[in-house]
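These protein sequence lines are chains A and B, in that order.
When you line the first sequence up against the numbering used here, it's residues 11 to 816, in that order.
When you line the second sequence up against the numbering used here, it's residues 21 to 160, in that order.
C-beta atoms are modelled at their ideal positions from N, C-alpha and C, and glycine is treated no differently.
A short worksheet on the structure shown next.
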Amino acid sequence: MSLLHLAIFLPFIMAVFVPFLYKGFRKIHTGWFVLIVPALLFGYFLHFIPTVRENEIIKRTIHWIPSLKIDFTAYLDGLSLLFALLITGIGTLVVFYSIFYLSKKREQLHNFYVYLLIFMGAMLGVVLSDNLISLYTFWEFTSLSSFLLIGYWYQRDGSRYGAQKSMLITVFGGLSMLGGIFLLYNMAGTFSIRELITHKELIMASPLFIPSMLLILLGAFTKSAQFPFYIWLPDAMEAPTPVSAYLHSATMVKAGIYLVARMSPVYAESPVWLWIIGSFGIFTMFWASFNAIKQTDLKGILAFSTVSQLGLIMSLLGVGAAALHYKDMDENIFIVATAAAVFHLINHATFKGALFMVAGIIDHETGTRDIRKLGGLMGLMPITFTIALIGSFSMAGLPPFNGFLSKEMFFTGMVRVTEMDLFSLDTWGLLFPIIAWVGSIFTFLYSIMLFFRTFTGKLQMDKLERKPHEAPAGMLAPPIILAALMIIFGFFPNILTYNIIEPAVGAILPELLEPGEHFVGHISFWHGPGIELFMTIGVIALGVVLYLTLSKWGKIYSWFPDKLTFNHLYDQIIKWLESGAKSITKGYMTGFIRSYLVYIFLFFIVISGVTLITKDAFKIDVSNIAPIGVYEVVLALIIVIGSATILLAKSRLTSIIALGAVGYTVSLFFVIFRAPDLALTQLVIETVSVALFLLAFYHLPPLNKHEKGIGFKLGNALISIGVGVIVTLVAISAHSNKLFDSIAKYYIENTHDKAGGENMVNVILVDFRGFDTMFEICVLGIAALGIFGMIRLRLTNEGGKTNEKK
Amino acid sequence: MKKNDVILQTVTNVVVFMIFLFSLQVFFSGHYHPGGGFIGGLMTSGAIVLLLLAYDIKTVSKIIPIDYKLLIGIGLFFAVATGAGSLLFNVPFLTHAFSHFDLPILGETSLHTAVLFDTGVYLVVIGVTMTIIQTIGEGE
């Protein structure tokens, strides 16, 4: 266990203590305690910058399940570091902001911070894992914790709907990704991303190459809300604003970007990779920015903007992947696209984080986020106004802010696509810069719309719930820091270039990198009048015209019928699944345990019987049989008599006692055949279960209630005889077919040496097969709690009362 | 419907302790002789069930004021923590260790991390059985 692992686990460890801190220190906002974690981690990761800049890679391994090649390898290179800094840095600001945003009196803070910490730890785990299985584990943790965060205000219908939607879509993608991971393992025999890269030729030659790529991309696209999976992200805005700022500016949605960047060295040489990512990304960028215009909720606009910006980064990664495809090209012109992706990733975190916090401030201070009700806040909230100005202009790509620089680089990257000769699709390549340009116009449009509609114009006091005034300093501080960063990165982008961007680009395009070589180049603020600059001027000019004429052309949004949207499709699928599942379930869930037993036994008879017959497995071998003594005969007779008594008993009590007798007799068999452990277990189980029966006795309906009709009895008889016959046949065949050496030998030889025990049964339970036991007791625990819940709920619900109190 | 069960109660008072001590013996000797956490736990539950039969649930929960649901959690924690503890030594999850120690009074004793794991099993089994029995019993 290294310090790096501890850093990943720290949020999880802290999460355990949060409820106690919440209960113990009611007067102090729990957020203050939580704040320590991301701040500490941010400092810790900062100190890796010099190391990583020298292209040193830190790798620490914990063995998890080595026999399955599943390890927990913490792996830190430029890309991981970039993400770790984003997660902890923005995390610190978000936690700080949340202290002022969430009231300690009204909100269930302990829940909130537990979810947030789990999320933080999971994200760190995703970006710092080298082993794909541990990456996947953390990946699903992010889905789970974001589900909890989005549904934090679970009393609201919208929150539940949004949480479920994000969960269904991202987990669907996650499972596809798991499939992709297994395919990769199948091809290369390893889960480690490092080793996968070294086995690249092997993977590319395999027929499973494309399927595994598609499955992994499905995971990345659902997580990063790419077209058409973006529909969950706007609904996820039901979460508290600090969560939106965190999940959607810096972290969760970028996990998909991370995955694509991380897997680029494995896949990027294939042109399929760059065409899929490039075209889906660019289309998402256009589509979401186009749709952002019709939103009226501030957070709604920001949600679509996030989708659009993620598409932008994704398309840049796609184009940048061409650098690996055209390895031999001198002065590789595609590297700039990857650098732009990384740069924009950082910029997006700054401006989107700040804007979400601004939206939260406006919501907090005015009681609404609807831009139709807002306006004229400039005079009342001057500081918020300034932050929003910087944030939205940076998002729009205007100088002198950082968004301008990465947008210029984005244009450069897109213009380069036309120089590709893949598929000889020159005409198609031309579409990239055009779509990018059109999308940027809409980006500009929604950015200035967001800003001007909120802060300029007439103040509509009658439509606001509260009298607006400036937010408290604590809520302003985090966005001010982000705004300051936007200006700093705008004027001095090269702070990032050598320290952060280059190592990250080096991690995405490892083959093109000589240690210590600078290949991204200097990002200069004024880069001369090129085609990019003219594109920007065009964006601004057209954007302003469109903004002024919005009322004229805005009607085109109503042309698009609601029934044709993906949202509608999603709702239909959910509805269809629900009703389908319900009708199927109603078909077999009769409420009688005998029906369920009938299904189980019928399946057992059919499957075992058919296997026995088709595999020709039944044979009798009496050569190796122990003699049958008097004891055995007597015990068998007792069992037969006991069973017959159960069947014929008039009262239930008699049946229970007879059943107990059968059980005890079986344990006597174990005694005779010298299996003391089994005998003991059987004895105690029998005692406890008879006691249980007697306790439940009172609740059971009178006997003989269902006994009617000869057909009913015949059916029962057939099934019981069938089960009996099959069990007997299986037992005899199992004795007669010895296909393998018994595993007993291994245990006999190793019980003493490896586990230091004498009792083989117990050693197997706790040591050799400890995993089984662990999960078994988990199942037992869940079952007990299930029974508790079921009975308690039923008892308290009687009389129409709900189970709210206890 | 309360009956006079003086005999049952008197016998129970004595026998419960015997069963309980025996269950501990079975539990601790599990690594070398028949027994272990599962059987030990069931046997302890058996003792408590006997108490339940002789007295009623209210009296018993006064004598043994344990929240059995909590016991399940504690047991699971023991089991998982033992497993996770091995990670601290950079060996796979659930790797056990054992060694022989010369303890005062007890003499040479072998100590196993497996016993910690088994303690988890023991507690979970008691927790599960008693939760189920108590919940169903309380329904009356």
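Open item on the list: Alpha carbons only, please: which of A:ILE445, A:HIS358, A:LEU365 is nearest the one belonging to PHE300 (chain A)?
Closed with: Of the listed residues, the one whose Cα sits closest to PHE300 (chain A) is A:ILE445.
- [ ] Check whether the Cβ of ALA74 (chain B) lies closer than 9 Å to any Cβ atom in chain A.
- [x] No, no contact with chain A.
TODO: Under 9 Å between beta-carbons, which chain A residues line up against LEU96 (chain B)? List them in chain order, please.
DONE: Chain A residues near LEU96 (chain B): MET784, ILE787, CYS788, GLY791.
- [ ] Would you decide whether ALA101 (chain B) is buried or exposed? Buried here means 16 or more other CB atoms lie within 10 Å of its CB.
- [x] Exposed, since its Cβ has fewer than 16 Cβ neighbours within 10 Å.
Open item on the list: Helix, strand or coil, according to DSSP, for PHE411 (chain A) in the structure here?
Closed with: In the structure shown, PHE411 (chain A) sits in coil (DSSP, three-state: anything other than H, G, I, E or B).
- [ ] Could you run through the region 109 to 121 of chain B and flag, in chain order, every residue whose CB is less than 7 Å away from some CB of chain A?
- [x] Considering only beta carbons, the part of the region 109 to 121 of chain B lying closer than 7 Å to chain A consists of ASN110, VAL111, PRO112, PHE113, LEU114, HIS116, PHE118, in chain order.
TODO: Using 10 angstroms around the beta-carbon of TRP586 (chain A), count the other beta-carbons present and answer buried if the total reaches 16, otherwise exposed.
DONE: By the 10 Å Cβ count, TRP586 (chain A) comes out exposed.
Task: Coarse secondary structure for VAL170 (chain A), derived from DSSP in three states - done: Checking the displayed sequence, the identity of residue 170 (chain A) turns out to be Arg instead of Val. Residue state, collapsed to three classes: helix.
Task: GLY719 (chain A) (DSSP reduced to helix, strand or coil) - done: GLY719 (chain A) falls in the coil class under three-state DSSP.
Task: Contacts that THR149 (chain B) makes with chain A (C-beta to C-beta distance below 7 Å) - done: Residues of chain A whose Cβ lies closer than 7 Å to the Cβ of THR149 (chain B) are, in chain order, VAL698.
Open item on the list: Please list, in chain order, the chain B residues whose beta carbon lies closer than 9 Å to that of GLY776 (chain A).
Closed with: Checking the sequence shown, residue 776 (chain A) turns out to be Val, not Gly. Those within 9 Å of VAL776 (chain A) in chain B are GLY50, HIS51, GLY56, GLY57, HIS116, HIS132, ALA134, VAL135, PHE137, ASP138, VAL141.
Open item on the list: List, in chain order, every chain A residue whose beta-carbon is nearer than 8 Å to that of LYS89 (chain B).
Closed with: Simply ALA794, LEU795, PHE798.
Task: Below-9 Å beta-carbon distance, LEU62 (chain B) vs any chain A residue - done: With its beta carbon less than 9 Å from one in chain A, LEU62 (chain B) belongs to the interface.
Open item on the list: Suppose you measure from the CA of HIS762 (chain A) to the CA of VAL771 (chain A); what does that come to, to the nearest Å?
Closed with: About 12 Å.
Task: Between the CA atoms of LYS304 (chain A) and SER568 (chain A) - distance to the nearest angstrom - done: Roughly 9 Å separates the two Cα atoms.
- [ ] Indicate whether LEU312 (chain A) and SER274 (chain A) have their beta-carbon atoms separated by less than 9 Å.
- [x] Taking 9 Å as the Cβ cut-off, LEU312 (chain A) and SER274 (chain A) do not qualify as a contacting pair.
TODO: Taking only beta-carbon positions, decide if THR691 (chain A) is within less than 9 Å of chain B.
DONE: It does: the Cβ of THR691 (chain A) has a partner Cβ on chain B nearer than 9 Å.
Open item on the list: Does chain C have any CB closer than 9 Å to the CB of VAL34 (chain B)?
Closed with: In summary, chain C is missing from the structure at hand, where the protein chains are A and B.
Task: Sequence-distant residues of the same chain with beta carbon closer than 7 Å to VAL700 (chain A), five excluded per side - done: If we look at VAL700 (chain A) and ignore the five residues flanking it on each side, its Cβ neighbours are ILE666, GLY670.
Open item on the list: So the candidates are A:GLY310, A:LEU486, A:THR83; which of them puts its Cα closest to the Cα of GLY107 (chain A)?
Closed with: Sequence check: residue 107 (chain A) is Tyr here, not Gly. Nearest C-alpha to TYR107 (chain A): A:LEU486.
Task: Buried versus exposed call for SER457 (chain A) [16 or more other C-beta atoms within 10 Å across all chains shown] - done: The Cβ neighbour count for SER457 (chain A), taken over all protein chains shown within 10 Å, is at least 16; the residue is labelled buried.
- [ ] List in chain order: all unbroken alpha helix (DSSP H) runs of 4+ residues lying wholly within the region 464 to 497 of chain A.
- [x] Counting only runs of 4 or more residues that sit fully inside the region 464 to 497 of chain A, no alpha helix (DSSP H) segment turns up.
Task: Alpha-carbon spacing of MET214 (chain A) relative to PRO443 (chain A), whole angstroms - done: If you draw a straight line from the Cα of MET214 (chain A) to the Cα of PRO443 (chain A), it comes to about 30 Å.
TODO: Spell out whether any CB of chain B is found under 9 Å from the CB atom of LEU705 (chain A).
DONE: Answer yes: the Cβ-Cβ gap between LEU705 (chain A) and chain B drops below 9 Å somewhere.
Open item on the list: For a cutoff of 9 Å on Cβ pairs, would you count ALA99 (chain B) as touching chain A?
Closed with: Chain A contact via Cβ: present.
Open item on the list: Under 9 Å, Cβ to Cβ, is there at least one residue of chain B near ARG802 (chain A)?
Closed with: Yes, ARG802 (chain A) lies at the interface with chain B (some Cβ there is under 9 Å from its Cβ).
TODO: Assign GLN118 (chain A) to buried or exposed, taking buried as 16 or more other Cβ atoms, counted over all protein chains shown, within 10 Å of its Cβ.
DONE: Counting Cβ neighbours within 10 Å, GLN118 (chain A) comes out exposed, since fewer than 16 surround it.
Task: Beta-carbon neighbours of ILE83 (chain B), restricted to chain A and to distances below 7 Å - done: Those within 7 Å of ILE83 (chain B) in chain A number zero; the least Cβ separation is about 17 Å.
Open item on the list: Quick check on THR155 (chain B) - is its C-beta less than 9 Å from some C-beta in chain A?
Closed with: Judged by the 9 Å Cβ criterion, THR155 (chain B) is in contact with chain A.
Open item on the list: By the three-class DSSP mapping on this structure, what secondary structure does SER434 (chain A) have?
Closed with: Unreliable positioning characterises SER434 (chain A) in this predicted model, as indicated by a pLDDT of 49, which lies under 50. The coordinate reading is nonetheless provided below. Taken through DSSP and simplified to helix, strand or coil, SER434 (chain A) comes out as helix.
- [ ] Note down, in chain order, every chain B residue with its Cβ under 9 Å from the Cβ of ALA765 (chain A).
- [x] HIS51, HIS116, PHE118, HIS132, ALA134, listed in chain order.
TODO: For HIS120 (chain B), write down the residues that DSSP places opposite it in a beta bridge.
DONE: According to DSSP, HIS120 (chain B) bridges with B:SER130.
Task: Where THR812 (chain A) falls: helix, strand or coil (DSSP) - done: With a pLDDT of 46 at THR812 (chain A), under the threshold of 50, the predicted position of this residue should be treated as unreliable, though the coordinate-derived value follows. DSSP places THR812 (chain A) in coil when its eight states are reduced to three.
TODO: Could you spell out the range, first to last residue, of the beta strand (DSSP E) harbouring TRP74 (chain A)?
DONE: Unbroken beta strand (DSSP E) run through TRP74 (chain A): 68 to 75.
Task: Cα-Cα separation, LEU657 (chain A) to LYS592 (chain A) - done: Spanning the two alpha carbons is a distance of roughly 36 Å.
Open item on the list: So with CB distances below 7 Å, who are the chain A contacts of VAL144 (chain B)?
Closed with: Correct list: ILE787, LEU790, GLY791.
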